[in-house]
Amino acid sequence: MDTDLAQPRLDNAAILAGLNAPQQQAVAAQATHLRVIAGAGSGKTRVLVHRIAWLVLNKQLAADSVLAVTFTNKAAAEMRKRIQTLLGAAARTMWIGTFHGITHRIMREHALAMGLPRNFQILDSDDQLRIIKRIIRGLEFDEEQVEPKRAQHFINRHKDEGRRYAHLSHDVPPEQTYFMQVYERYERHCQRGGLVDFAELLLGVYELWQQRPDILQGFQQRFAHVLVDEFQDTNAIQYKWLRALCGPQTHITVVGDDDQSIYGWRGAKVENIHGFAQEFPESLTIRLEQNYRSTNAILAAANALIQHNEARLGKQLWTEGVKGELLSLYGGFNELDEARFIVDRTRKWLQQGGALNDVGILYRSNAQSRAIEQSLRQANLAYKVYGGLRFFDRAEIKDVMAYLKLLVNQHDDTALERVINVPPRGIGERTLLQIREHAKSAQLSLWQAAQQISTGMTGKAGRGLVQFFALIERLMAQLPSITLPQLTQQVIQDSGLLAYLKTQPGEKTYARIENLNELTSAVTQFVENLGSLTEVSSQYADKNLPHFLAEIALDAGERDVQDNQCIKLMTLHSAKGLEFPLVFLAGLEEGLFPHHRSLNTKELLEEERRLCYVGLTRAMRKLYLSYAEKRAFSGNVGINRPSRFIEEIPNALLEKLNTNNTVRPALSAPVKSSSSMFKQAKHLGSEFPFKMGQTVMHPRFGEGVVIGGEGSGQMARVQVRFAQTGEKWLALAYAKLTAL
DNA sequence: AACCATCGACTTTTT
DNA sequence: GTCGATGGTT
139 MDTDLAQPRL DNAAILAGLN APQQQAVAAQ ATHLRVIAGA GSGKTRVLVH
189 RIAWLVLNKQ LAADSVLAVT FTNKAAAEMR KRIQTLLGAA ARTMWIGTFH
239 GITHRIMREH ALAMGLPRNF QILDSDDQLR IIKRIIRGLE FDEEQVEPKR
289 AQHFINRHKD EGRRYAHLSH DVPPEQTYFM QVYERYERHC QRGGLVDFAE
339 LLLGVYELWQ QRPDILQGFQ QRFAHVLVDE FQDTNAIQYK WLRALCGPQT
389 HITVVGDDDQ SIYGWRGAKV ENIHGFAQEF PESLTIRLEQ NYRSTNAILA
439 AANALIQHNE ARLGKQLWTE GVKGELLSLY GGFNELDEAR FIVDRTRKWL
489 QQGGALNDVG ILYRSNAQSR AIEQSLRQAN LAYKVYGGLR FFDRAEIKDV
539 MAYLKLLVNQ HDDTALERVI NVPPRGIGER TLLQIREHAK SAQLSLWQAA
589 QQISTGMTGK AGRGLVQFFA LIERLMAQLP SITLPQLTQQ VIQDSGLLAY
639 LKTQPGEKTY ARIENLNELT SAVTQFVENL GSLTEVSSQY ADKNLPHFLA
689 EIALDAGERD VQDNQCIKLM TLHSAKGLEF PLVFLAGLEE GLFPHHRSLN
739 TKELLEEERR LCYVGLTRAM RKLYLSYAEK RAFSGNVGIN RPSRFIEEIP
789 NALLEKLNTN NTVRPALSAP VKSSSSMFKQ AKHLGSEFPF KMGQTVMHPR
839 FGEGVVIGGE GSGQMARVQV RFAQTGEKWL ALAYAKLTAL
C-alpha cells in the first residue's frame with residue numbers, strides 16, 4: 139500500500155504524487171486549523187505523514203516545531219518511520235509520540251516546577267490497584283462494599299476529566315463518600331512517594347501550564363503545528379491539554395473518524411471531533427471517503443449499518459474497486475457449530491489459494507475465542523489469539539520488574555511488597571503486617587521499617603529479611619559496572635526466581651521460564667535502540683535502568699499482528715486499524731453484540747454499532763457474519779436472537795447460508811419503560827423459566843417473589859422482591875434462582 | 001507459612 | 001467453563 143521511497147530531492151509534486159484529490163487538499167491545506175474526517179481504509183496515516191512533510195517543506199519549519207500526537211506507541215513508531223522515509227534525518231528531532239510519552243517528556247523536563255522528585259515513578263494500572271487496595275484496607279473499609287476496582291475507576295474517571303479531589307463536590311451519594319476518601323488518600327500517597335499514574339501525566343502537565351503561563355508559552359511558541367491522530371478517541375483531559383497548548387500562533391490538524399469511536403466507555407469524547415468546527419472557527423474540514431481496502435459489497439454493508447446512528451458527522455465510503463462477493467451469513471446451532479463453520483470456510487479459502495494470515499476472526503468479547511480455538515486446534519490450523527495479558531503484565535515479568543524498581547528506589551513500597559517474599563523466603567503475612575505497622579507509625583518507607591524491625595528479629599523471618607536486604611544491596615552495588623541485560627540476568631538468577639519457578643509443577647512453568655528469557659532479550663533490544671535515540675546514556679545499568687522502567691510503564695507491548703503465518707483471533711476493539719483479506723465476524727447475537735449492558739441507552743447502542751462498523755470495514759475481500767442460536771455461557775446455555783445489526787444490512791448484500799432456524803427476529807427497539815418491561819415479561823413464554831408472582835429461592839437473598847422481567851437469553855433479567863433484601867434485578871444467566 | 005478447596009465473577013483496553 | 005481471590009486447614 140505504501141510506495142513511498144526516499145526522495146533525493148523532495149518537492150511538492152513528490153509529496154502530492156499518488157494522492158487523490160481530497161487527500162491532496164488535506165495535505166496542502168492552508169487553513170489555520172484542519173479537521174480530516176478519515177474513513178476506514180482511506181489512507182489516513184499517509185495523509186498525516188505527507189502533511190507533516192508538506193508543512194516542513196513549505197513553511198520552512200524546523201522539524202522540532204512540529205508535534206504529532208498518537209494514542210499508541212505502535213502508531214507513533216509507524217509515523218516516525220514513514221516521516222523518516224520522506225524527510226530523512228529531520229524526522230529525528232520531531233516531537234512524535236503518544237499523549238503519555240510526550241507529557242512524560244515534559245514532566246521530566248519540569249519535574250522541579252511540578253513539585254516532583256527527579257526520580258518520580260510511573261504507575262501502571264496494576265501498581266495503582268495495589269496502592270488503592272492498601273489504602274482501602276488502611277481506612278478499614280470493607281472491600282466488599284468499597285471494591286478496589288471501582289475505586290480505581292472512580293479515581294481515574296475523575297482524573298481523566300481533570301478533576302482532583304479538591305475539585306469534587308462533597309455532596310455525593312453515600313456510596314461515593316468512601317471512594318472520595320480513598321481518592322484523597324491516594325492523591326496524598328502519590329504526592330508523597332513521587333508516584334505518577336497515567337492520568338496524572340496529562341493532568342499534571344495541564345496544571346503546570348495553568349500555573350506557569352511562562353512555561354506554557356514556551357511550548358506554544360515552540361510548536362507551530364500540532365497534529366493529532368485518532369482524534370475521536372481523545373478524552374476530556376487530553377482535549378483540555380491540547381486546547382491549552384494551542385496558542386495564538388499554533389495551527390492544529392486533527393485526523394479521525396467519528397464512526398470509529400469505540401472507546402467512549404473509557405472516557406473518549408466523540409464530541410471533541412464533532413464540535414471541532416465550532417471550537418476552532420477558522421478551520422477547514424475535509425472528508426476522505428475513498429476507500430482502498432474493501433470491496434463494494436462490504437462498504438455498502440458498512441455504510442448501510444452506520445446510517446442507523448444519529449450522532450455522526452456523516453460520510454459515505456466508496457471504492458473504485460470491484461463489487462466483490464456478497465457477505466455471507468451463517469446461523470449456527472450453537473457456538474461450536476459456528477466455530478466449525480468458520481473452520482470450514484477457512485479451509486475453503488486455503489484450498490482456493492488463500493493464506494493463513496489472510497484470516498482474521500473477530501468477536502465482541504474474549505470469552506468467545508474458546509470455542510473457535512477448540513475447532514481450530516482440532517483442524518490443525520495455526521492461530522494466535524491477540525489481546526489478553528500483555529507481556530509486561532505477566533506475573534513473573536512483573537516480579538523481575540519490581541526487583542529492578544527496588545534497585546532504583548528502595549522506598550518503592552509497591553515493588554517491595556511484591557517481591558519481599560517472592561520467591562518465598564519465610565517472610566509471611568505476620569511479618570509483613572508488623573513492617574507495615576511500624577512504617578505507618580514511624581512515617582517510614584517499608585524498606586526502612588523492615589530494616590529497623592529485622593535488627594531485633596531471630597528465626598526464619600529475620601533470616602529471610604537479612605537475606606533480602608543483602609540481595610538488593612549487592613545488586614545495587616553492581617549497577618554502575620554492569621549492563622542492563624547483565625543486570626536483568628543477575629536479578630533473575632540471584633533473586634532465586636528462576637530456581638523457584640523450576641521447582642513449581644504445572645504446565646505453565648515452562649512458559650514462565652520462557653518469558654523470563656524473553657525479558658532478557660527485550661532488555662537487550664531496548665539497550666540497542668537506546669544508542670539510536672536522542673537520549674544517549676552510558677551503557678551501564680545505573681544510567682539505563684530508570685529510562686528502561688519509564689519506557690516499559692508507557693509501553694503496552696503491542697504485538698505485531700501483520701506477519702505471523704497464522705490465523706488471527708481478536709476482539710473487535712483490538713482489530714481497529716487492522717485489515718484482513720478474509721474476515722469472520724462471530725457472535726452476532728442480541729445481548730452479546732450489541733452487548734446486553736449497552737442495550738438500554740442510545741449512546742451505548744450507537745457505540746456498539748460503530749464497533750460493528752469497525753468490524754465490517756476490516757475486511758478486504760470476503761466477509762462472513764455468524765451467530766449461534768444457543769450459546770454456552772458460564773455453564774448456562776443462553777438463547778439469543780440474531781443481532782439487530784444483521785437486519786440493518788440490506789438483504790441484497792447478504793447470502794444467507796443456514797438461517798432457517800427457530801429464533802425469532804431481534805427486538806426492533808430496546809425495552810425502556812418499566813411498564814413495557816412488565817408486559818414483556820408476561821409474554822416471554824417458553825424461554826422464560828419464571829412466571830409473574832412466582833416464589834423463588836436465591837442462595838444469598840433467600841426467598842422472594844418475581845415481580846417483573848425483561849429481555850431474553852443472555853440478557854434476560856427478573857425483578858424479585860426478597861423478604862430481607864428488598865427488590866432486586868437479577869440476571870438469569872448469573873443468578874442461581876430456583877422455583878419454589 | 002503453604003496448600004487446597006470453595007466461591008464468585010464474568011464486555012471492550014491503551015497508556 | 002475458567003480464572004482468581006479467599007478462607008480454612010495442615
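Those letters in the first sequence? Residues 139 to 878, by the working numbering.
Ideal Cβ placement from N, Cα and C applies to all residues, glycine included.
First through last residue of the beta strand (DSSP E) which encompasses residue i
i    : result
G469 : L465 to N472
F722 : F718 to L723
S764 : A757 to F771
E746 : It is not in any beta strand (DSSP E) - E746 instead sits in the alpha helix (DSSP H) that spans K740 to L754.
Y430 : Careful: Y430 lies outside any beta strand (DSSP E) and carries neither H nor E.
T391 : H389 to G394
L136 : Since the first and last residues shown for the chain are 139 and 878, residue 136 lies out of range.
G235 : W233 to T236
N410 : Looking at the DSSP string, N410 is not in any beta strand (DSSP E); the run it does join, the alpha helix (DSSP H), is E409 to H412.
R220 : That residue, R220, is in no beta strand (DSSP E); its alpha helix (DSSP H) goes N211 to L225.
A200 : Per DSSP, A200 belongs to no beta strand (DSSP E) and is neither H nor E.
N150 : Run containing N150: none in the beta strand (DSSP E); it sits in the alpha helix (DSSP H), N150 to L154.
A176 : H171 to A176
I777 : N774 to I777
Cβ-Cβ distance between residue i and residue j below 7 Å
i    : j    : result
L422 : A206 : no
H446 : E786 : yes
Q162 : L154 : yes
V194 : I424 : no
S676 : Y524 : no
S781 : E727 : yes
V629 : V538 : yes
A152 : G470 : no
G462 : A439 : no
N429 : A406 : no
M232 : A201 : yes
V752 : K706 : no
G602 : G564 : yes
Rounded separation between residue i and residue j - CA only
i    : j    : result
L455 : L613 : 59 Å
F361 : G452 : 31 Å
G589 : Q631 : Strictly speaking, residue 589 in this sequence is Gln, with Gly absent from that position. Going by the C-alpha atoms only, they are around 24 Å apart.
A442 : Q703 : 33 Å
L148 : Q370 : 32 Å
T315 : K197 : 54 Å
A337 : N294 : 7 Å
L224 : L186 : 12 Å
D680 : E299 : 37 Å
H389 : H171 : 5 Å
F357 : I190 : 18 Å
I651 : P562 : 17 Å
F722 : G498 : 6 Å
L880 : K536 : In this structure the chain extends from 139 to 878, so residue 880 is not present and cannot be described.
Q682 : P311 : Note on residue identity: the sequence assigns Asn, not Gln, to residue 682. Whole-angstrom Cα-Cα distance: 47 Å.
K598 : E247 : 46 Å
C384 : S507 : 44 Å
E746 : F731 : 7 Å
A249 : P255 : 7 Å
N-terminal and C-terminal residue of the alpha helix (DSSP H) that residue i is part of
i    : result
G597 : G597 to Q616
Y648 : K646 to L668
N682 : A679 to A691
K522 : It is not in any alpha helix (DSSP H) - K522 instead sits in the beta strand (DSSP E) that spans Y521 to V523.
I784 : R782 to E785
Q590 : L584 to T593
For residue i: DSSP bridge partner residues
i    : result
E793 : S466
M708 : L500
R574 : DSSP lists no partner for R574.
A406 : N373
H733 : G729 and L730
- prompt: Counting only runs that start and end within the stretch 336 to 379, where is the beta strand (DSSP E) found for 3 or more residues in a row?
  reply: Taken in chain order, the unbroken stretches of beta strand (DSSP E) that lie wholly in the stretch 336 to 379 and span 3 residues or more are 363 to 366.
- request: Note down, one range per segment and in chain order, each alpha helix (DSSP H) of at least 4 residues found wholly within the stretch 253 to 331.
  value: Complete alpha helix (DSSP H) runs here, min 4: 263 to 276, 286 to 298 and 312 to 331.
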